[in-house]
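Sequences listed follow chains S and L, in order. Start counting at 1 in the first sequence, then tack on 14, and there's your number in the working numbering. Start counting at 1 in the second sequence, then tack on 14, and there's your number in the working numbering.
2 protein chains.
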Amino acid sequence: MAKEKKLIYFFGKGNAEGTGTMKDLLGGKGAGLAEMAKVGIPVPPGFTITTAVCNLYYDLGKRVPAGLDAEMRKYMKKIEAALGDGCVFGDANRPLLMSVRSGSKFSMPGMMDTVLNLGLNSRTVQGLIARTGNERFAWDAYRRFIQMFGNVVMGIEKEVFEEIIQEIKKKKKVRLDLDLDAADLKGLVDKYKAKIKQITKHEFPQDPWEQLTMSRDAVFNSWNNPRAVTYRRLNNIPGNLGTAVNVQAMVFGNMGSASATGVGFTRNPSTGAKEFYGEYLTNAQGEDVVAGVRTPRPIVNLGKEMPQVYRQLRAITSRLEKHYRDVQDFEFTVQEGTLYMLQTRTGKRTAPAAVKIAVDMVKEGLITKGEAVLRVEPASLDQLLHPVIDPKAKIEVIARGLPASPGAASGKVVFTADEAVEQAKKNPVILVRPETTPDDIHGMDAAKGIITARGGMTSHAAVVARGMGKPCVSGCESIMVDTKAGKLTVGKVTVKKGDYLTIDGGTGRIIIGKVPTKDPEVSGDFGTLMKWADAVRTMGVRANADIPRDARMARQFGAEGIGLCRTEHMFFAEDRLPIVQQMILATTTDNREKALAKLLPMQRADFKGLFETMDGLPVTIRLLDPPLHEFLPKREELMVETAVMKAKHASQAAIAKKEKLLHRVEELHELNPMLGHRGCRLGIVFPEITRMQTRAIIEAACDVLKKGKKVVPEIMVPLVGIGQELTNQKEIIVTTANEVMKRRGITVEYSIGTMIELPRAVIIADTIAKEAEFFSFGTNDLTQTAYGFSRDDAGKFIKYYTDHGILENDPFQVLDEEGVGYLVKLGVEKGRTTRPKLKVGICGEHGGDPASVEFCHKAKLTYVSCSPYRVPIARLAAAQARLKEKGMGASVSK
Amino acid sequence: MAKEKKLIYFFGKGNAEGTGTMKDLLGGKGAGLAEMAKVGIPVPPGFTITTAVCNLYYDLGKRVPAGLDAEMRKYMKKIEAALGDGCVFGDANRPLLMSVRSGSKFSMPGMMDTVLNLGLNSRTVQGLIARTGNERFAWDAYRRFIQMFGNVVMGIEKEVFEEIIQEIKKKKKVRLDLDLDAADLKGLVDKYKAKIKQITKHEFPQDPWEQLTMSRDAVFNSWNNPRAVTYRRLNNIPGNLGTAVNVQAMVFGNMGSASATGVGFTRNPSTGAKEFYGEYLTNAQGEDVVAGVRTPRPIVNLGKEMPQVYRQLRAITSRLEKHYRDVQDFEFTVQEGTLYMLQTRTGKRTAPAAVKIAVDMVKEGLITKGEAVLRVEPASLDQLLHPVIDPKAKIEVIARGLPASPGAASGKVVFTADEAVEQAKKNPVILVRPETTPDDIHGMDAAKGIITARGGMTSHAAVVARGMGKPCVSGCESIMVDTKAGKLTVGKVTVKKGDYLTIDGGTGRIIIGKVPTKDPEVSGDFGTLMKWADAVRTMGVRANADIPRDARMARQFGAEGIGLCRTEHMFFAEDRLPIVQQMILATTTDNREKALAKLLPMQRADFKGLFETMDGLPVTIRLLDPPLHEFLPKREELMVETAVMKAKHASQAAIAKKEKLLHRVEELHELNPMLGHRGCRLGIVFPEITRMQTRAIIEAACDVLKKGKKVVPEIMVPLVGIGQELTNQKEIIVTTANEVMKRRGITVEYSIGTMIELPRAVIIADTIAKEAEFFSFGTNDLTQTAYGFSRDDAGKFIKYYTDHGILENDPFQVLDEEGVGYLVKLGVEKGRTTRPKLKVGICGEHGGDPASVEFCHKAKLTYVSCSPYRVPIARLAAAQARLKEKGMGASVSK
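In structure tokens:
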């Protein structure tokens with residue numbers, strides 16, 4: 015850039031010195047104006063001072079390079095010539111007014127400064143009056159200019175001007191700015207000028223050229239205002255890009271009945287239908303369309319009012335859509351019969367519209383299938399897969415929590431899992447808990463939606479709800495839950511057991527009463543788009559599923575296997591928990607084995623169901639993972655019960671029984687269960703658990719093979735951090751599997767792998783890969799241990815961190831590439847030095863986050879695994895990652 | 015080794031084919047025998063079959079290479095010639111008997127096999143009788159040979175032979191083997207042979223050559239017996255070294271009154287005094303000296319009984335000590351007036367002896383100061399720094415736990431911290447807790463020793479007790495503590511409050527009653543040795559100390575600064591806890607600041623005390639680290655109290671008050687506090703805490719500077735995992751410090767650094783080093799997060815892991831080089847790419863572990879910091895690490 019000599023680029027009247035590809039030098043807006051001008055679309059003429067000048071400005075200690083002012087004067091002449099209406103910048107009779115706008119390579123909406131109506135002063139305002147015949151318009155334009163210039167260029171607080179207007183309105187006893195007449199506005203101009211003098215000790219500049227150079231420098235300075243700096247930091251925009259300055263002739267839609275202004279879309283942004291869509295007002299300014307003082311008319315009306323302009327507009331916008339090959343969101347102004355395009359940009363759209371438009375445009379030959387795949391934001395697919403609050407419904411939001419699992423649901427409030435099961439027989443219920451634990455699973459299963467007062471986006475409640483495809487609002491800290499009294503309070507609102515609540519898991523809103531919801535319409539286009547995505551992507555997508563119902567859902571959503579079956583979820587079933595507890599409370603191996611023997615047929619049946627459902631697709635089964643005390647009554651509850659029994663003089667026998675249970679629970683109690691006796695540490699200390707689970711898996715596989723179906727079991731050992739741990743478990747698995755296969759006379763093709771979810775496992779991944787036939791990154795635990803964050807507890811300060819810019823994202827939601835990503839890449843690399851074709855997946859929550867899916871693709875993972883409802887998102891994100899890798903730019907409009 | 019052609023090496027009669035340096039090829043024993051023979055020391059002649067042959071044996075599928083047997087016959091002739099007494103191997107009249115022993119490069123005591131008296135059969139036993147004139151001796155030798163050969167070579171269980179002996183003794187109604195006469199032993203030989211025939215279907219081999227080759231192969235095979243394989247794995251000895259086989263002529267000390275046998279040391283191994291030390295028996299075998307059937311005489315007596323032999327022995331052993339330049343532990347046998355040395359090896363010694371011997375030998379010019387430094391095992395210094403159980407006392411050990419903090423102490427048992435404080439006013443007390451928490455600190459401070467039922471070597475109790483230099487036995491799981499009833503039970507023993515217990519923190523023993531203890535005598539030699547160590551080492555040694563008393567101790571022990579001052583320990587003091595609680599319970603910043611204002615003068619006084627004590631040495635102060643709820647009453651206890659109050663119908667007001675406290679405790683409750691809202695996360699969310707602590711530090715520094723003393727404060731931000739965290743805290747610290755310095759008009763030279771204790775901090779260490787002026791590795795937390803182990807909970811399965819060979823060491827005790835060490839090295843490397851001279855320390859528990867200190871030296875750390883009592887250990891270990899780096903071998907005798 016330092017070598018770039020040309021400081022200014024002209025655009026206007028079918029001509030431009032720049033092009034649409036020069037965003038680096040001209041900024042997004044400047045490049046867009048150049049492109050429109052070049053292809054002959056009428057834009058008000060202007061010029062762009064390059065980003066290179068901005069950088070020079072800073073290099074020179076906030077001074078513009080020599081010769082810039084002279085160049086600007088030369089270019090102003092070009093503008094006057096292009097307009098050809100006799101208007102001249104600074105001319106007292108026919109004054110040309112200008113706008114001065116920032117424009118950097120990446121859009122930074124509202125972060126930098128703009129000045130409009132530049133060129134007005136005590137003399138030129140008279141020329142404007144003469145030219146427009148509209149005194150009020152001219153004085154209004156002038157006072158707006160002073161207000162904007164005073165704030166942006168001279169640094170005076172907006173409130174200063176606001177106070178002066180309020181004073182006048184009060185005196186006149188009117189409410190709206192519109193109620194002020196020309197004389198009022200003229201008075202306002204004088205008052206503004208006096209105030210500026212008072213504050214700054216300087217006169218408001220009358221010389222239009224001084225106005226222009228001061229505004230230009232103000233735009234350069236605004237590149238480094240605190241707002242812009244913060245925005246760039248949060249959005250990873252480099253600070254050395256600089257901003258361009260666009261100086262453009264003003265046009266006015268309020269110069270009479272042959273003038274108008276409007277906005278529109280080339281297709282319906284809500285439905286995606288191919289129809290011209292928008293609205294306009296005659297004799298009005300752009301802001302009037304938005305302000306709602308006059309009701310704008312549908313754009314088709316323009317065809318009757320100004321048929322020629324309308325035809326021209328349709329032709330231009332069609333051309334723009336073809337040119338940009340995407341839906342355009344445009345602004346236009348008609349000044350005395352002449353159409354000017356002020357802006358065109360990619361139109362924002364809803365998720366269903368995005369899908370329809372992408373598929374339609376492929377059919378129309380406008381874009382390729384690859385481009386269509388890139389046109390839809392993966393995360394937005396959630397809108398297509400879950401019911402939403404009816405947008406027409408009137409609602410009263412009483413609290414907001416984290417949008418933990420999307421979808422909307424209404425139901426009667428219950429406060430315990432047991433109540434949920436009971437009440438759900440009669441009515442839909444919403445389960446409200448301070449936080450959930452695995453104990454609550456049956457209640458969550460029975461409820462239509464879940465609310466928790468504590469816990470983050472990856473708390474137990476959130477993870478399980480997403481797995482179930484059920485709406486959940488977590489970490490709603492403003493709610494006080496009183497489980498015993500059966501009520502919750504938020505501020506002054508109290509909601510009792512049995513009252514109706516509605517939750518919107520997509521936004522985190524909690525709404526009082528029963529609100530109608532709308533089932534989304536999943537059109538055929540959705541299926542078409544997903545097929546195109548699947549054809550493109552190279553990374554596999556599996557689902558996390560524990561039971562056949564989830565597995566069926568996963569297949570419906572296109573999963574290519576189960577990447578994570580959490581066997582412990584099977585342990586929490588109502589009929590099994592007592593047996594599991596019996597196993598845990600056993601003090602001898604013998605008694606433990608007796609309980610395990612009872613669990614065996616149940617686990618075998620579970621696995622059989624999964625294998626049959628997946629019919630030949632791989633099923634990764636993780637051996638028992640959570641600490642055993644999760645299956646027992648809570649320690650503190652037992653303590654309370656025991657103490658209360660004693661206080662109430664219950665029988666010695668009853669107390670002794672309770673105390674015995676408490677004693678065992680105490681023995682198993684851990685201060686930090688996340689870092690405690692869990693994962694493979696269980697299977698090592700209690701090998702009989704691993705033996706039972708292996709037996710159940712291999713026996714189930716034998717049963718299904720016998721029926722002539724294919725089975726691909728992958729046995730996964732959790733939480734390995736030491737080479738010998740895997741060696742130990744693998745030996746038990748192989749020995750047990752061999753016994754079963756010998757007994758059954760059937761050979762099962764199974765593999766043994768491990769979770770990589772501890773930093774130490776990453777470090778010794780080369781050693782682990784000697785034994786492991788596959789890796790699956792547990793990025794939840796890896797994030798916990800890399801950061802030293804407990805998923806269950808970190809919610810509070812992570813929110814503080816993201817609010818205060820210490821973290822960009824919650825690392826439990828978006829995979830932290832710098833830290834956790836480093837570990838993932840290191841683990842893949844080390845693992846494949848030992849076993850070059852090592853299959854590597856990821857089964858943390860990140861498997862369903864689009865940015866994380868892209869990272870996984872780049873890190874050369876074999877597959878990602880996520881909850882069934884996120885499978886389509888992961889498929890689309892994986893396809894986009896592949897396309898980007900092939901050099902196709904992202905062109906998703908968010 | 016494959017090229018090594020020579021299979022056998024001879025030694026004996028002032029001659030040897032090998033040398034003492036050939037341990038690789040001849041094993042330790044073979045090399046030692048060769049060396050002794052070479053320098054003319056009388057050893058029974060023999061030959062060594064090399065370790066290369068052992069490897070060949072395995073390469074050939076358990077066959078010896080061709081020609082080995084022929085070589086052995088040739089070498090046997092050499093032995094016969096060297097002896098020159100007419101004895102010949104296998105000769106019926108003057109049979110030569112042999113021993114066959116293993117011997118690998120590294121000593122593997124008792125792991126491999128030995129056969130003695132080889133060469134006896136029905137014919138040669140008669141020759142032995144004739145030659146010795148001692149029929150009982152000959153038959154006893156024969157039956158022992160059969161027993162040993164039957165077991166080692168023929169694989170018959172030892173119990174088989176034992177049963178036969180028992181039968182005969184029962185029949186004769188005698189108790190000892192010695193009570194059996196020649197006829198009995200002859201009968202035993204026959205019975206043994208019959209039994210062998212019955213079990214193996216083979217005759218016991220009569221051919222001495224067959225006996226010899228079978229024994230040789232048995233020794234080779236024993237290299238891979240399970241015992242040896244496990245031992246090698248646990249001691250990191252490679253499996254491909256192989257064992258040598260030493261075949262040596264037997265000599266007998268029981269051939270009459272001119273024969274004798276004995277053992278001795280060249281210096282007193284208990285005190286280190288330079289005196290000839292040992293004992294002997296005439297007409298006896300080696301095992302008789304040990305067996306204690308006859309009382310051996312002090313070795314000086316030998317000077318009267320066999321003056322010539324005695325002079326020869328003194329001359330030889332003096333020579334050996336000079337030759338090996340260390341205390342020798344030797345065995346000798348006098349056979350019919352001829353002295354034979356059977357073994358000489360480095361003598362084991364107590365820690366005080368090790369120090370004295372090392373210093374004496376430097377004075378004698380025998381070794382260099384560097385060698386002296388290498389002669390003392392750093393960990394053994396613990397014995398010099400703490401009282402020990404009087405070795406003469408009779409004790410009853412009732413339980414064993416982990417040796418968590420060394421030293422011995424007796425006291426009356428108490429079960430709560432408050433009781434400890436109360437009772438300690440009258441009597442010494444031992445505090446017994448299920449586990450300790452920071453709440454117990456005042457009780458631990460008052461007690462003479464601490465016992466916990468739960469927790470590992472790095473549990474809270476262990477860490478704090480070591481810091482206090484107080485004995486502690488942790489994780490004594492066999493004890494059932496009933497705090498409420500005021501008693502503990504171990505099996506059938508019950509100990510009540512007020513009963514005396516004695517604990518030995520160096521061994522983990524818990525002893526009933528009051529046992530006399532002995533204060534160690536720290537001689538001047540200790541100081542001399544430490545001075546030499548300091549002169550050698552290049553790595554610094556600091557201490558972890560929180561209060562002036564600890565700091566004084568640290569300086570006495572030679573610490574060069576404070577590497578870790580844990581400010582939270584100041585928060586637990588009795589007079590402060592209520593204010594700390596007030597701060598935590600504050601719901602507004604304002605109220606929080608009021609409480610902090612009360613803490614400020616207290617913290618300032620603390621720091622002033624530390625700065626004054628350290629007088630110019632650096633003091634690293636860590637800002638508040640633990641989760642806040644550690645300072646509040648326990649959640650479960652409040653729950654119980656509330657429930658009991660309700661059950662007993664307490665007043666509503668009292669219940670409400672308790673519930674309010676419970677509510678706040680609930681809000682702060684965390685499922686995994688180790689991974690929760692702690693460390694710099696506190697100072698970020700509550701910046702007023704960081705401000706108060708910084709103010710206290712800088713104000714204290716100003717006060718001390720004013721007195722003309724030097725101050726070197728290093729402010730350390732804990733638990734950083736994200737770059738912005740440090741940026742945030744640094745800004746607060748710098749701003750606050752500037753304010754204080756401006757106000758006081760004094761400039762304090764302070765630095766700001768951070769703990770590196772999270773894997774993510776390691777990964778971004780280059781970024782962190784931009785802000786941090788020093789790093790301190792918190793290897794406790796780093797071990798927790800790398801492994802996903804909670805220090806508080808992992809005790810149970812870590813013990814299982816080390817017992818079952820899944821882990822070699824508890825990684826909280828010995829720094830895990832493979833995993834955590836990788837992170838330390840990576841962190842140092844990354845940090846120094848940004849800041850080449852970055853000061854890097856370690857302040858985890860590992861700072862006092864010798865192996866970990868050596869690792870830290872290799873990882874180029876600037877210093878280690880450990881509890882004051884371990885400072886001498888770290889100083890010595892650091893010196894040894896430096897010496898080893900310079901190529902001086904370790905020659906510590908353990």
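C-beta atoms are modelled at their ideal positions from N, C-alpha and C, and glycine is treated no differently. Owing to the predicted nature of the structure, the values given are computational and were not obtained by experimental measurement.
Chain S contact for residue i (CB, 9 Å cutoff)
i, result
"residue 117 of chain L", "no"
"residue 654 of chain L", "yes"
"residue 489 of chain L", "no"
"residue 25 of chain L", "no"
"residue 688 of chain L", "yes"
"residue 795 of chain L", "yes"
Chain-order list of residues whose beta-carbon lies under 7 Å from that of residue i (same chain, five-residue window excluded)
i, result
"residue 456 of chain S", "431, 435 and 588"
"residue 614 of chain S", "706, 709 and 710"
"residue 237 of chain L", "68, 126, 256 and 257"
Proximity winner among the options, relative to residue i (alpha-carbon distances)
i, options, result
"residue 401 of chain L", "L/90, L/532 and L/351", "L/532"
"residue 262 of chain L", "L/89, L/84, L/602 and L/781", "L/89"
"residue 500 of chain S", "S/277, S/110 and S/429", "S/429"
"residue 71 of chain L", "L/230, L/864 and L/139", "L/230"
"residue 488 of chain S", "S/512, S/392, S/852 and S/520", "S/520"
Cutoff 9 Å: residue i Cβ touching any chain L Cβ
i, result
"residue 485 of chain S", "no"
"residue 602 of chain S", "no"
"residue 245 of chain S", "no"
"residue 833 of chain S", "yes"
Close Cβ partners of residue i (< 6 Å) along its chain, the five nearest in sequence each way excluded
i, result
"residue 161 of chain S", "175"
"residue 682 of chain S", "642 and 643"
Contact list for residue i against chain S, beta-carbon separation under 8 Å
i, result
"residue 747 of chain L", "Those within 8 Å of residue 747 of chain L in chain S number zero; the least Cβ separation is about 16 Å."
What are the residues in the stretch 764-783 of chain S lying within 8 Å of chain L by C-beta distance? 771, 772, 773, 774, 777 and 778
Item checked: Interfacial residues, the stretch 107-136 of chain S to chain L, with Cβ spacing under 9 Å -> none
**Study point:** Where the stretch 726-759 of chain S meets chain L: residues whose CB sits under 7 Å from a CB there
**Key:** 733, 735, 736, 738, 739 and 742
The stretch 800-822 of chain L: positions lying closer than 9 Å to chain S by Cβ
800, 801, 802, 803, 804, 805, 806, 807, 808, 810, 811, 814, 815, 818, 819, 820 and 821
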